[in-house]
Structure formats: C-alpha cells, structure tokens
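J.:
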Amino acid sequence: VMFGEGISKNGEIVDLGVDFGIIKKAGSWYSYGDTKLGQGRDAVKQLLSDNPELAEELEVKIKAEVTGDKLEEK
138 VMFGEGISKN
148 GEIVDLGVDF
158 GIIKKAGSWY
168 SYGDTKLGQG
178 RDAVKQLLSD
188 NPELAEELEV
198 KIKAEVTGDK
208 LEEK
C-alpha cells in the first residue's frame, strides 16, 4: 500500500514475479530474461510505470502461473 496511491499494482507485479520465478532477483538487482530491469524494487516499479507493455506482459505470465493456464509460445 502506497501513501496517496493505494495498492501498488506494479509493486505486486514485482513481488509476485519474483515469487513465481518470472523476475529474477540477485542482491538488489532485478532482471527478466536477459534484461536487467533495475536496481531496487522502487526502480523496477518506476520502470513498469514507464513501460505499460512490459507490465502487461509480466502480469499475463503471473496470472497464468496463478491459474495454472499454459501460455502459447509466440
């Protein structure tokens, strides 16, 4: 929960992405595949705010993990 923002959707994407192994965390660095997302949770949340397509892609993968649905490979 963020002051003045409520529940942080991008924060949940980061946390659940790490929990499900979609986002990798090494020390304070976060990465997705071969792409470094940033250093620190807040930096990654900002990146997702600035890149809604990436946030949507991660959200779809997280939802598939939660529901047990298989994603079609593109």
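With the first letter of the sequence shown counted as 1, position 52 gets the number 189 in the working numbering; the numbers rise by one all the way through.
Every residue, glycine too, gets a C-beta built ideally from N, C-alpha and C.
#1: Tell me whether VAL203 is buried or exposed, calling it buried when 16 or more other Cβ atoms sit within 10 Å of its Cβ.
#2: Give the C-beta separation of LEU195 and GLY154 to the nearest angstrom, bearing in mind that I take them to be a contact with Cβ-Cβ under 8 Å.
#3: Compare the C-alpha of LYS146 against each of LYS162, LYS182, LYS200 and PHE157 and name the closest.
#4: Looking at the secondary structure, which residues open and close the alpha helix (DSSP H) in which SER186 lies?
#5: In its own chain, which residues sit with a C-beta less than 8 Å from the C-beta of LYS207, not counting the 5 before and 5 after it?
#6: DSSP on GLY175, reduced to helix/strand/coil?
T.: Let's see:
#1: As a first step, residue 203 is located in the sequence shown; it is residue number 66 there, counting from the start. VAL203 comes out exposed.
#2: The count along the sequence shown starts at 1 and reaches residue 195 at position 58. The count along the sequence shown starts at 1 and reaches residue 154 at position 17. Contact holds; Cβ gap of about 5 Å.
#3: Along the sequence shown, read from residue 1 onward, the residue named residue 146 stands at position 9. LYS146 has its Cα closest to that of LYS182, out of LYS162, LYS182, LYS200 and PHE157.
#4: Looking up residue 186 in the sequence shown gives position 49. Unbroken alpha helix (DSSP H) run through SER186: 178–187.
#5: Residue numbering aside, residue 207 sits at position 70 when the sequence shown is read from its first letter. Excluding sequence neighbours, LYS207 sits near ALA201.
#6: Within the sequence shown, numbered from 1, the residue matching residue 175 stands at position 38. Three-state DSSP puts GLY175 in a strand.
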